[in-house]
Amino acid sequence: MSSRLTRAAIPLLTLTALFLSGLLILPAGARGEEKRVPAGSRQTDDIFSFRDDVEVSGVVFGSVQVLAASARISGRVAGDLVVFGGDVELGPDARIDGDVVCVGGTIRGLGDATIGGDVFAPGRAAGGFRIAGSRTARALEAKPFSLIDVALKLSLLLIWLCAAIIVTLVSGREVRASSVELRASPFHTFVLGLVAFTSFVLTAIVFTYLIPYLIGIPLIIALLIFALMAKIYGMIALFHAVGTLVARPRSRDELGRRRWLRGDMALVVVGLLIMGLLRMIPVVGNIIWIGASLFGIGVAVGTKFGRREPWFLAWQPAA
């Protein structure tokens, strides 16, 4: 039953990974026309744009949300400015009354641009601008305990929780087997994950520069799908291993008396909560999560997603 469910879940995970990868890989030429708010004009509604750049020279009495595109602000945005997968350019007289979120891009501050709320930008920042109440132009700083930072991390943990529940229900036996392997040989798993990650990066470079465009792009998409599936499955196996180390019973009798923390699902959730709390620590949490990702990729590749089967068929001469 578990193997049938696993085979049924693989196409769903593949389509999901393909969709997410396509958002980042589609060429810029696929974008539509730029959305503009000219100087002197006012817009009372929020602006939402998908793969279309946004330019605000007037006033927007709402929020600006941009996905897979960039935003140029030289006027005023009364709400929040949120950009995923693009850059933010703040003009000399730009004014953002709310918060600014820029994930997967660069914020460039020019002149005397002003931000009134919190700033969350894990990417790069260039130029200078004022945070409200400060007269000194300074480089961008993301507040380590800002509400936006915490909200985004909690949202990502919620996504991880949903993925962990689905994968554990579909293939709990495989997750358990990978967890055992991770606890039995952690050093080997970490080294294997480091080698696998390096191989992914080098292979992507080869596909990008040494293979024709029409062939290289599908190969890169396939590589991203495999890497994403290995990351998701491996992290869930890591959650199971952490939960087992923390909540494992001292004896079989104790396990039989338990009403909670006795199944694979409970161990995965406990491990996820522990790793989520560690993820909340500024700077250190990011380092811990990166190390955990290497462990996860290593155990996914090493156990062939918990199946413990050889990657290639064993050759033998024909009878």
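First residue of the sequence shown? That's 12 in the working numbering, and the numbers climb one at a time after it.
Positions of the beta carbon are idealized from the N, C-alpha and C atoms, including for glycine.
Between V48 and G102, the gap from beta carbon to beta carbon reaches 8 Å or more. A124 is not bridged by DSSP to any residue. In the structure shown, I177 falls within a helical segment according to DSSP collapsed to helix, strand and coil. Remark: C-beta atoms of V77 and V67 do not approach each other more closely than 8 Å. Non-local beta-carbon contacts of G109 in its own chain, meaning distances under 8 Å to residues more than five positions away in sequence, involve S74, V88, A89, G90, D91, L92, G127 and G128 in chain order. For E66, the uninterrupted beta strand (DSSP E) segment begins and ends at V65 to V67.
Rounded to whole angstroms, A207 and G296 show a C-alpha spacing of 22 Å. Under the three-state reduction of DSSP, K164 is assigned to helix. Contact check for I247 against A303 fails: the beta carbons are separated by 8 Å or more. Judged by their CB atoms, D98 and T117 are nearer to each other than the 8 Å cut-off. Taking C-beta atoms as the reference points, F250 and M286 count as a pair closer than 8 Å.
Looking only at R259, L284, V257 and G204, the smallest Cα-Cα distance to K242 is reached by G204. Here T214 has L234 as same chain residues with Cβ atoms under 7 Å from its own Cβ, once five neighbours each way along the sequence are excluded.
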